[in-house]
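As numbered in my numbering, the sequence shown has no gaps in its residue numbers, which increase by one up to the final residue, 199.
Backbone N, C-alpha and C fix where the C-beta goes; we use that ideal spot for every residue, glycine too.
Reading through the structure tokens given below for one structure.
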Amino acid sequence: TGGSEPLEAIVRPYLEDESMSSFLNRLMHMNVKLKGGQNILVKVDKMLGAHGVEAASPLFDRHLAELSFAVPPQFKRRGDVEKYVFKQAVEPLLPRPVVYRKKAGMGVPLSHWFKKTELRDYAHDLLLAPRALARGYFRPEFVKVLLSGVRIPRSLGADRSGELLWMLLAVELWHRVFAEGERPSVAADSGASEGIE
């Protein structure tokens, strides 16, 4: 979907689809079509295709998907275990810890990028530029700690400094483009990078 269509207009047809036997199936169908078919699979196909590699997505096979929608909802979840029947089917083939491990997204090495690449200097120049500091959105001391590569306090979990910097960068760039009308560019402000250690 990608236009300015209101979220309700996008979601409503899936939630009201009476051809689906249960609300869970409606949610699954929406997830497969919107997140899978119009987001993840498209990105994977483009990224791999750019390198001459073809992706295989066996869990998106049409026959398997149709079979999964025919499975009664009570077999799709058992307590907090998602894909219960599928996991039962593959349990003899895979080690139990693999079958029942917690769901995890694909990590992007943001912390590494901000510590070891030019993205660190770019973030420094943007987030500590005089105009960014004048807005007062960010605490400069905290930005400097994040940019220093020092692990952030334990109360914030594992080293999430890269994710925090990424979000701060997104806010700063958003403000420049949409609040100030600046045209997006790759180059950052100059003059803020002195003193990076």
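- Spatial neighbours of Pro186 in its own chain (CB-CB distance under 6 Å, excluding positions within 5 residues in sequence) are listed in chain order as Val179.
- Taken in chain order, the whole alpha helix (DSSP H) runs of length 4 or more contained in the segment 40-107 are 43-51, 64-72, 86-92, 98-101.
- Nearest to Leu61 by alpha-carbon distance, out of Met49, Val83, Glu174, Lys89, is Lys89.
- For the options Met169, His65, Gln76, Ser150, the alpha carbon positioned closest to that of Arg122 is the one of Ser150.
- Under the three-state reduction of DSSP, Pro15 is assigned to helix.
- Taking C-beta atoms under 8 Å as the contact rule, Ala67 and Val34 qualify, at a distance of about 7 Å.
- In this structure, Leu167 and Ala125 form a Cβ contact; the two beta carbons are roughly 5 Å apart against a cut-off of 8 Å.
- Counting only the Cα atoms, Val46 lies some 12 Å from Gly54.
- Collapsing the DSSP output to three states places Asp161 in coil.
- For the pair of segments examined, the segment 75-94 was found not to touch the segment 135-149: the number of CB pairs separated by less than 8 Å stays below three.
- One alpha carbon belongs to Ala172, the other to Pro74, and they sit about 42 Å apart.
- Of Pro8, Glu20, Glu84, the smallest CA-CA separation from Lys104 is found for Glu84.
- Shown here, Glu184 sits in coil according to DSSP, grouped into three states, outside any helix or strand.
- Distances from the CA of Ser23 to each of Ser70, Ile12, Leu50 were compared; the closest alpha carbon is that of Ser70.
- In the DSSP assignment, Val145 falls within the alpha helix (DSSP H) that extends over 142-150.
- DSSP, read as helix, strand or coil, puts Met22 in coil.
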